[in-house]
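Encoded as structure tokens, the structure appears first; notes follow it.
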Amino acid sequence: NAGVTQTPKFQVLKTGQSMTLQCAQDMNHEYMSWYRQDPGMGLRLIHYSVGAGITDQGEVPNGYNVSRSTTEDFPLRLLSAAPSQTSVYFCASRGLVYTGELFFGEGSRLTVL
Amino acid sequence: TQLLEQSPQFLSIQEGENLTVYCNSSSVFSSLQWYRQEPGEGPVLLVTVVTGGEVKKLKRLTFQFGDARKDSSLHITAAQPGDTGLYLCAGREGGSEKLVFGKGTKLTVNP
């Protein structure tokens, strides 16, 4: 049972470098989203998508880009990493019913030096 | 802006004690969910409430949605060490697709 798969689990970057966090789900979910989790701040929504070709901003979108070319994949791109982007990132998906369960990946821990 | 305020932020109790965690907002939510997260893992759904005044029970856990759909509570009876974790409430306003989370309550149940 794969569910939501995130890669990599750990990554260290230098300021200014770029990278992509990968997220894939095998549940045919229309809705996918990215959150970041920082100590004392809970989970904050970065970007979300309600289907292929459709993306929208969450609470903290600056510094991040997303695209949704397929139902299964929702990558998160950092074009020029900053120390403030050091965090644990979670990808999550759910079906069309908006009260449905949000299924989370195991998280990707990113450190920007 | 943090829409959902959770209290307390930290809670450390002895096995067998009861506890209540609160989730409050000035906004009205069309639905509210509670998740539990363990270290190194993603959150996992415990319950969804959608009707004002709704009460749901999950074994020793009781969840309540306020009548005005602005607040919720989680009550645990006779807490056990296995209940240790981070409890997060999350709400959805109106027809919004966005699910907004509170900052969480970190619960430690000592044997």
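Chains as they are written, first to last, in the numbering used here: chain F, 549 to 661; chain A, 933 to 1043.
Backbone N, C-alpha and C define an ideal beta-carbon position, used for all residues, glycine too.
Here's a check: name, in chain order, each residue in its chain whose Cβ is nearer than 6 Å to the Cβ of A/L993, leaving out the five neighbours to either side. The count along the second sequence starts at 1 and reaches residue 993 of chain A at position 61. Contacts found: I1008.
Quick one: measure Cβ to Cβ for F/L661 and F/T563, integer angstroms, because I've assumed they're closer than 8 Å. Looking up residue 661 of chain F in the first sequence gives position 113. Looking up residue 563 of chain F in the first sequence gives position 15. Indeed they touch by this definition, with Cβ atoms about 7 Å apart.
7 Å is my cut-off, CB to CB: does F/G590 come that close to chain A? Counting from 1 along the first sequence, the entry for residue 590 of chain F is found at position 42. True, the Cβ-Cβ gap to chain A drops below 7 Å.
I want to verify the contact list: residues of chain A whose CB lies under 9 Å from the CB of F/V598, in sequence order. Position 50 of the first sequence, counted from the start, is the residue given in the question as residue 598 of chain F. Simply E1029.
Span separating the alpha-carbon of A/V1041 from that of F/Q570: Mapped onto the second sequence, residue 1041 of chain A falls at position 109. Mapped onto the first sequence, residue 570 of chain F falls at position 22. A straight-line Cα-Cα distance of about 35 Å links A/V1041 and F/Q570.
Any idea what DSSP makes of F/Q633, helix, strand or coil? Locating residue 633 of chain F in the first sequence gives position 85, where the first residue counts as 1. Note: F/Q633 maps to helix in three-state DSSP.
Can you tell me whether A/G1017 is helix, strand or coil according to DSSP? The residue you call residue 1017 of chain A lines up with position 85 of the second sequence. Of the three classes helix, strand and coil, the one that applies to A/G1017 here is strand, per DSSP.
Taking buried to mean at least 16 other C-beta atoms within 10 Å of its own C-beta, is F/L644 buried or exposed? On the first sequence, position 96 is the one that residue 644 of chain F refers to. By the neighbour-count rule (16 or more Cβ atoms within 10 Å), F/L644 is not buried but exposed.
Nearest-angstrom Cβ-Cβ length linking A/V979 and A/Q965, presumed shorter than 8 Å: Working through the second sequence from its first residue, we reach residue 979 of chain A at position 47. Working through the second sequence from its first residue, we reach residue 965 of chain A at position 33. Indeed they touch by this definition, with Cβ atoms about 7 Å apart.
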